[in-house]
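With our numbering, letter number 509 in the sequence shown gets 509, and the count goes up by one each step, no holes.
One structure is given here, and the rest of the page talks about it.
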Amino acid sequence: MNYVGLHVHTHYSLMDGVATPEEYVNRAVDLGMPALAITDHGSLSGHRELYRAAKAKGIKPILGIEGYIALDRFERKEKKDRVEPLDLNYFHIVLLAKNEQGLENLNKINEIAWTEGFYSKPRFDHEVLQKYKDGIIVLSACQSGLIAKAIEVGEYAFAKKQVQWFKETFGDDFYIEVMPHNPVEINKALFEIAEAFSVKTAVTPDCHHSDTNQKEMQELMLILNTHAKLQKDVTYEKSKKHKDVMDRLDYLYGADRMMSFKSFDIHLLSYEEMKEAMGKQGFTNEEMFTSTIEIANKIEDYNIKEGLSLLPVQYKNPDKELRTIALEGLKERNLDTNQEYLDRLDEELQIIKDKKFGPYFLVVRSMIAWAKKEGILVGPGRGSAAGSLLCYVLGITDIDPIQHGLLFFRFINPERNDFPDIDTDIQDSRRDEVKDYLVRQYRHVASISTFLEFKDKGVVRDVARAFNIPLTDVNKVLKLVDTWDEYCSSKTTSWFREKYPEVEFYGEQLRGRIKGTGIHAAGVVTSKEPIFKYAPMETRSVTGSDTRIPVVAVDMEEAEKIGLIKIDALGLKTLSVIQDTLAIIKKNHFKDINLLDINMEDANIYQMLSDGHTKGVFQCEATPYTNLLVKMGVKNFNELAASNALVRPGAMNTIGKDYIARKHGKQNVSYIHQIMKEFTDDTYGCVLYQEQVMQACVYLGGMSMSEADKVRKIIGKKKDAKEFDAFKDRFINGASKYIAPNDALDLWHDFEAHAGYSFNKSHAVAYSTVSYWTAWLKYYYPIEFMYSLLKNEKDKDARTEYLIEAKRMGISIKLPHINDSDIDFKIEGKGIRFGLSAIKFISDKIAERYIAARPFNSYAELENFTFTKGNGVNSRALQALRVIGAATFSDNPRNDEEIKENLYEYLNLPEFNITIPSHYYAFINDIEDFEEKGSFILMGMVKSIKRGTGWSRVEVLDKTGSIGIFDEEQTTIESGKTYLLLATDNRIVSAIPVDEIKGSSDALVKFLSYKQLPYTSEEMYVVSFKPRVTKAGKKMASLTLADVTRDLHPVTVFPTAFPKAYMKIEEGKAYKFKFGKTKDGTVTLEDIDV
1 MNYVGLHVHT HYSLMDGVAT PEEYVNRAVD LGMPALAITD HGSLSGHREL
51 YRAAKAKGIK PILGIEGYIA LDRFERKEKK DRVEPLDLNY FHIVLLAKNE
101 QGLENLNKIN EIAWTEGFYS KPRFDHEVLQ KYKDGIIVLS ACQSGLIAKA
151 IEVGEYAFAK KQVQWFKETF GDDFYIEVMP HNPVEINKAL FEIAEAFSVK
201 TAVTPDCHHS DTNQKEMQEL MLILNTHAKL QKDVTYEKSK KHKDVMDRLD
251 YLYGADRMMS FKSFDIHLLS YEEMKEAMGK QGFTNEEMFT STIEIANKIE
301 DYNIKEGLSL LPVQYKNPDK ELRTIALEGL KERNLDTNQE YLDRLDEELQ
351 IIKDKKFGPY FLVVRSMIAW AKKEGILVGP GRGSAAGSLL CYVLGITDID
401 PIQHGLLFFR FINPERNDFP DIDTDIQDSR RDEVKDYLVR QYRHVASIST
451 FLEFKDKGVV RDVARAFNIP LTDVNKVLKL VDTWDEYCSS KTTSWFREKY
501 PEVEFYGEQL RGRIKGTGIH AAGVVTSKEP IFKYAPMETR SVTGSDTRIP
551 VVAVDMEEAE KIGLIKIDAL GLKTLSVIQD TLAIIKKNHF KDINLLDINM
601 EDANIYQMLS DGHTKGVFQC EATPYTNLLV KMGVKNFNEL AASNALVRPG
651 AMNTIGKDYI ARKHGKQNVS YIHQIMKEFT DDTYGCVLYQ EQVMQACVYL
701 GGMSMSEADK VRKIIGKKKD AKEFDAFKDR FINGASKYIA PNDALDLWHD
751 FEAHAGYSFN KSHAVAYSTV SYWTAWLKYY YPIEFMYSLL KNEKDKDART
801 EYLIEAKRMG ISIKLPHIND SDIDFKIEGK GIRFGLSAIK FISDKIAERY
851 IAARPFNSYA ELENFTFTKG NGVNSRALQA LRVIGAATFS DNPRNDEEIK
901 ENLYEYLNLP EFNITIPSHY YAFINDIEDF EEKGSFILMG MVKSIKRGTG
951 WSRVEVLDKT GSIGIFDEEQ TTIESGKTYL LLATDNRIVS AIPVDEIKGS
1001 SDALVKFLSY KQLPYTSEEM YVVSFKPRVT KAGKKMASLT LADVTRDLHP
1051 VTVFPTAFPK AYMKIEEGKA YKFKFGKTKD GTVTLEDIDV
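Below is the structure:
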């Protein structure tokens, strides 16, 4: 083979290249190429992937870039300032690394491009190239290259000057690049200028996909990337008349759309294809082909390294330093004379020394110690690190693993090669300070890149958009699934897949390809040397800011392979709430509370949680968690930690039922062997935690802790059947020494069955600690806690629920006033006053301007300030202040009716003081007492409605809380309105707006209106009769009846009884009924006796 592809764009050329590095390598091997380059736009992220793929296939990897060169990397020209033809912000240029030095220089050039030259694109200039030229081969690039662009606009003198500079700077390592899809005039001029300066030419394919099979996918990606506009009056149905996909896209977007690759062959061309294409333009010299081989021969092996030790080490002997600090920490915890703790610490330190993890622990410890010293609240622990005594004595965590029975081997397994992962929660309002500390302390610090792929629901939406598939159908189908596999296999999506087959066909091709980049939410890497020496560096913009921050341009897994270890500092809003609460307690009560010293077994706290008053309590406030706590009735911290495991998907309906039944004495607590009692006694003999599975493997199955940790991993994933079976046999053989083999097998099957939801106990204990802290603060300092919640909560719906909870707790919620409110919420007496920025149309900046100008002595004065030019406020802000009473003065009296009408719209504050007949309230229930089974009358405001296929979920608020109740998909209920509702078995069967109650003939209103019931004890009143259609197309109904004591009874009318019921039953009347009952206890209608 006498030709090598040197200009190759993978999917790391975002939304421009389609093929993966591996696909290109496979194509190159099929064509017989001895080497292959990667030259993505402004990115080196695909280097290591191509390197590995090429090495695996036995061809030479050539690592490069198609970079962006500017005449001055610091100059930024807006479009209006571009007067001359070459007044451009950048041109293209291809750089290839010849060797290790060249690769390091390539990394440095691109880092400078991102950090110093970024303006739309990462740009470097001639000065940078001159400085870092060693080991670099330069190709003049495509039609957008410096030289080709100059030729295109007739600036031949400029083109010649550039050729001269590159030849003088790079000598024989500079080549003029020609391409088959360049206009013939450009290629002709390039050959001529190359000959004039005695520079060799090299022909390249400028490929964006690996072979012709990817051409249609490439065009779809281009349409998505350029946001191509649809032609007028085009439809999906009409587009199907065009059988060829390219013709179809021409119909939808116009054959002359701004960008299209349909006329170009931009796949990895074979030598024959390339020779033919260039021959058609009249160029037949062989040098342009042999130059590619010459370039490939210049490339040395880059010797790309992995597993480097790059963590910054500030001590000559990190293991000795770690032991010293750990022993000091043990003493500070008053545990230095406890032999159990000393032995455990020795064991952990030895394993960490053997694994060479010491520097990692020292870096994490320094970060957390600094944060705590600066008054930044750090969480007590997160994940498996809470199982480490070393982490506890270093102050990395505040969870005593021995006290809680936590396992170090769940955190670090000596037989695993992966690095430990210590996730640390930091109060989110000060997380950036922690990152800044790392930069100051260790200098070489960067965030970690994430790569966003076409996947799941997103790829369905993308392909559908490209083919102009009706959005209503797309939205409808996407409500039914979460993943791509579900979309492809679910019966509920078959109608869509049959109607729009393109989505599955092209979605499968696009899936997994990169569509964008991001920043890892919490992770940063630190290095003892500049990171560019080992990995590419870029910058990313920070959301909501003009700032760009440095990132290592590979993902977390690739960074770890190199030796760049992730340090995690995750922002947690709850910690900001806690810290703000502690600060206001100190200010108002002169108490300096240390949460590590509070009583963790306070019965008052557990009673509050068991009563379901969980709003604002970390994690517990979610409805399923609240329901679980009420059902369980937590009495101590062990049970709270257990609830954290039981609330996980799947657990509650399986092992959770046994746990609760045993806790309440409804089921006997039993152990398959006394050995199991030692570590399942505090969970009533139930295996809730992964650690319990590990302990069973060790103490019953005879395995080592390292082996038990492997069991934990494989038992859930079952990836390696041979390894799985080997451990299964090992466990049964070991356990059979204590119990019958059949019992051992049953126990193993239990582990398998529970693997999907058995939980990490270390994490459960750590996060339950945070839950307890918030509950404790809520109970003992309610105003301070609710104030802090409201201050930190930016989501309006969540804030509404906190306002309702504050009212329930007896805290006065004071409306905002222009002279009294701060920007945000504030404590005022025994209540909390709204801040000005909480009002619709008033931002923090507008609030600041009003506050700076006050006090206002009259409405006229406020109005005059608002309308004074240059004050930066507007009439919408004044209107908002007026309608919710925040601008009440003697010349603008308070209008209570207007305020009441506008509270929700302008403050997201529901008004529950609604006038209805007083005797109704005897039959209306609070939401906090809601039960999904049975019939339930409530009155509340509809906060939101979420629709799915065949259903809608109506979120309803009252002064005691909120609940989601199901209704028909096309519900007539409106959000923001207050309703009188009847729900039966968690479905709305009657809904009357409260402002329509007066004069309503609805059976529910009629029922509530009766002061004396007009029916006998033998009859039952029909409150609601709601027909529905089954999936099989049969008619049935939900019937809600009231007896003479006004108790409500839900009754199911099955299809067999429906015709008679439909003919005879009328809402608002009483009848004698005959009932039946199913095996599961459902009451059914048998007959009606009129």
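Here a beta-carbon is modelled for each residue, glycine too, at the ideal position from N, C-alpha and C.
Only a predicted model underlies this, so the values are computations on that prediction, with no experimental measurement involved.
Report task. Measure the CB-CB distance between P1055 and T1030 and report whether it falls below 9 Å. Result -> By 1-based counting over the sequence shown, the position of residue 1055 is 1055. By 1-based counting over the sequence shown, the position of residue 1030 is 1030. It is a contact, given that the beta carbons lie within the stated cut-off.
Report task. With a cut-off of 8 Å on the beta carbons, I'd call L1041 and Y1010 a contact; round off their distance for me. Result -> The count along the sequence shown starts at 1 and reaches residue 1041 at position 1041. The count along the sequence shown starts at 1 and reaches residue 1010 at position 1010. L1041 to Y1010, Cβ: 15 Å. No contact.
Query raised in the report: Between Y271 and the rest of its own chain, which residues show a CB-CB distance below 6 Å, the 5 nearest in sequence each way excluded?
Result: As a position in the sequence shown, residue 271 is number 271, starting the count at 1. Hits under 6 Å: Y3.
Query raised in the report: Can you give the beta carbon distance from L44 to P536, rounded, assuming they're within the 8 Å contact cut?
Result: Sequence index remark: in the sequence shown, residue 44 carries index 44 (1-based). Sequence index remark: in the sequence shown, residue 536 carries index 536 (1-based). So it is a contact: roughly 4 Å between Cβ atoms.
Requested in this report: Within the same chain, show all residues whose beta-carbon is closer than 7 Å to that of K1006, passing over the 5 residues directly before and after it, in chain order.
Outcome: Counting from one through the sequence shown, the residue named residue 1006 turns up at place 1006. Excluding residues up to 5 positions away in sequence, G1068 lie with their Cβ nearer than 7 Å to the Cβ of K1006 in the same chain.
Requested in this report: Note the first and the last residue of the continuous beta strand (DSSP E) segment covering R808.
Outcome: On the sequence shown, position 808 is the one that residue 808 refers to. For R808, no beta strand (DSSP E) encloses it; the enclosing alpha helix (DSSP H) starts and ends at K796 to R808.
Requested in this report: Counting only the same chain and skipping the five closest in sequence on each side, list residues whose C-beta sits under 6 Å from that of K794.
Outcome: Translated into the one-based positions of the sequence shown, residue 794 becomes position 794. Spatial neighbours of K794 in its own chain (CB-CB distance under 6 Å, excluding positions within 5 residues in sequence) are not present.
Query raised in the report: Taking the runs of the alpha helix (DSSP H) that are 4 residues or longer, which of them lie wholly in the region 27 to 99?
Result: 47 to 57
Query raised in the report: So is A148 buried or exposed if we call it buried at 16+ other beta carbons inside 10 Å?
Result: Counting from one through the sequence shown, the residue named residue 148 turns up at place 148. With 16 or more Cβ atoms within 10 Å of its Cβ, A148 is classed as buried.
Report task. Look at H7 and D134 and say whether their C-beta atoms are less than 9 Å apart. Result -> Walking along the sequence shown from the start, residue 7 turns up at place 7. Walking along the sequence shown from the start, residue 134 turns up at place 134. Result no, Cβ atoms of H7 and D134 do not sit closer than 9 Å.
Report task. Examine the Cβ distances between the region 377 to 393 and the region 763 to 774 and report whether three or more of them are shorter than 8 Å. Result -> Touching, per the Cβ criterion.
Requested in this report: Could you tell me whether the region 288 to 306 touches the region 189 to 202, where touching means 3 or more Cβ pairs closer than 8 Å?
Outcome: Contact between the region 288 to 306 and the region 189 to 202 is present, because at least three Cβ pairs lie under 8 Å.
Requested in this report: Sort out for me which residues DSSP pairs K1074 with in a bridge.
Outcome: Here the question's residue 1074 lines up with position 1074 in the sequence shown. Answer is D1087, bridged to K1074.
Report task. For K200, verify whether its CB is less than 8 Å away from any heavy atom of the ligand MG. Result -> The model on display carries no ligand, and the ligand MG is accordingly not part of it.
Query raised in the report: Alpha carbon to alpha carbon, what distance is there between L50 and L96?
Result: Here residue 96 refers to the residue found at position 96 of the sequence shown. Here residue 50 refers to the residue found at position 50 of the sequence shown. Taking the straight line joining both Cα atoms gives about 14 Å.
Report task. Verify whether the separation of the beta carbon atoms of V956 and L938 is less than 9 Å. Result -> Against the sequence shown, residue 956 aligns to sequence position 956. Against the sequence shown, residue 938 aligns to sequence position 938. Yes, the Cβ-Cβ distance between V956 and L938 is below 9 Å.
Requested in this report: Buried or exposed for I965, please, with buried defined as at least 16 other CB atoms from any protein chain shown within 10 angstroms of its CB.
Outcome: Taking the first residue of the sequence shown as 1, we reach residue 965 at position 965. By the neighbour-count rule (16 or more Cβ atoms within 10 Å), I965 is buried.
Query raised in the report: With which residues is F174 paired in a DSSP beta bridge?
Result: Sequence index remark: in the sequence shown, residue 174 carries index 174 (1-based). Looking at the DSSP assignment, F174 forms a beta bridge with V138.
Query raised in the report: First and last residue of the beta strand (DSSP E) that includes M1036?
Result: Translated into positions along the sequence shown, residue 1036 becomes position 1036. From DSSP, the beta strand (DSSP E) with M1036 extends over K1035 to A1042.
Query raised in the report: What whole-angstrom Cβ distance do L146 and F74 have, given they're in contact under 8 Å?
Result: For this step, residue 146 is matched to residue 146 along the sequence shown. For this step, residue 74 is matched to residue 74 along the sequence shown. Not really, about 18 Å apart at Cβ, beyond 8 Å.
Query raised in the report: Is the number of C-beta pairs between the region 594 to 612 and the region 827 to 834 that are closer than 8 Å three or more?
Result: no
Requested in this report: Run the CB neighbour count on A553, radius 10 Å, all protein chains shown included, and call it buried at 16 or more, exposed below.
Outcome: By 1-based counting over the sequence shown, the position of residue 553 is 553. That one is buried.
Requested in this report: Since I believe D40 is in contact with E23 (beta carbons under 8 Å), could you give me their beta-carbon distance rounded to a whole number of angstroms?
Outcome: Here residue 23 corresponds to residue number 23 of the sequence shown, with the count starting at 1. Here residue 40 corresponds to residue number 40 of the sequence shown, with the count starting at 1. That pair is no contact at about 14 Å.
Query - Contacting residues, own chain, Cβ-Cβ under 6 Å from V1092 (five flanking each side not counted) - result: This structure gives no information on residue 1092, because the portion of the chain shown stretches from 1 to 1090.
**Report entry** Closest by C-alpha distance to I851, when choosing among F731, L836 and E152
**Finding:** Stepping through the sequence shown from its first residue, residue 851 is reached at position 851. Among F731, L836 and E152, the Cα nearest to that of I851 belongs to L836.
Requested in this report: Would you kindly check if the distance between the Cβ of A326 and the Cβ of L345 is under 9 Å?
Outcome: Here residue 345 refers to the residue found at position 345 when the sequence shown is read from its first residue. Here residue 326 refers to the residue found at position 326 when the sequence shown is read from its first residue. Closer than 9 Å, so yes.
Query - Cross-strand partners of C207 (DSSP beta bridge) - result: Position 207 of the sequence shown, counted from the start, is the residue given in the question as residue 207. According to DSSP, C207 bridges with V8.
Requested in this report: Pull up the CB-CB distance for Y757 and R662, whole angstroms please, since I reckon it's below 8 Å.
Outcome: The residue given as residue 757 occupies position 757 in the sequence shown. The residue given as residue 662 occupies position 662 in the sequence shown. Going by Cβ atoms, the distance from Y757 to R662 rounds to 18 Å, so no, they are not a contact pair.
Report task. Just tell me which of E805, K933 and R27 has its CA closest to the CA of E621. Result -> Translated into the one-based positions of the sequence shown, residue 621 becomes position 621. Among E805, K933 and R27, the Cα nearest to that of E621 is on E805.
Query raised in the report: Who are the near neighbours of V18 in its chain, counting only those whose CB is closer than 7 Å to its CB and skipping five residues on each side?
Result: Here residue 18 refers to the residue found at position 18 of the sequence shown. Taken in chain order, the residues that qualify are H11, H208, H209, Q214, M217, Q218, M221 and R513.
Query raised in the report: Do I448 and V551 come within 9 Å of each other at the CB atom, strictly closer than that value?
Result: Residue mapping note: residue 551 aligns to position 551 of the sequence shown, counting from 1. Residue mapping note: residue 448 aligns to position 448 of the sequence shown, counting from 1. The Cβ-Cβ distance between V551 and I448 falls below 9 Å.
Query raised in the report: Alpha carbon to alpha carbon, what distance is there between I109 and L129?
Result: As a working mapping, residue 129 is identified with position 129 in the sequence shown. As a working mapping, residue 109 is identified with position 109 in the sequence shown. For L129 and I109, the distance between alpha carbons rounds to 7 Å.
Query raised in the report: Does the beta-carbon distance from F408 to S429 come in below 9 Å?
Result: Locating residue 408 in the sequence shown gives position 408, counting from the first residue. Locating residue 429 in the sequence shown gives position 429, counting from the first residue. No, these two residues do not count as a Cβ contact at 9 Å.
Query raised in the report: Excluding the five sequence neighbours on either side, which residues of its own chain have a C-beta within less than 8 Å of the C-beta of M694, listed in chain order?
Result: Counting from one through the sequence shown, the residue named residue 694 turns up at place 694. Result list for M694: L407, F409, R410, M705, A708, D709, V711 and R712, in chain order.
Report task. Would you please state the rounded distance, in angstroms, between the beta carbons of V477 and T493? I believe it to be under 8 Å. Result -> Numbered from 1 along the sequence shown, position 477 holds the residue referred to as residue 477. Numbered from 1 along the sequence shown, position 493 holds the residue referred to as residue 493. About 5 Å separates the beta carbon of V477 from that of T493, a gap short enough to meet the 8 Å contact definition.
Requested in this report: Mind checking who G940 pairs with in its DSSP beta bridge?
Outcome: Numbered from its first residue, the sequence shown carries residue 940 at position 940. Per DSSP, Y979.
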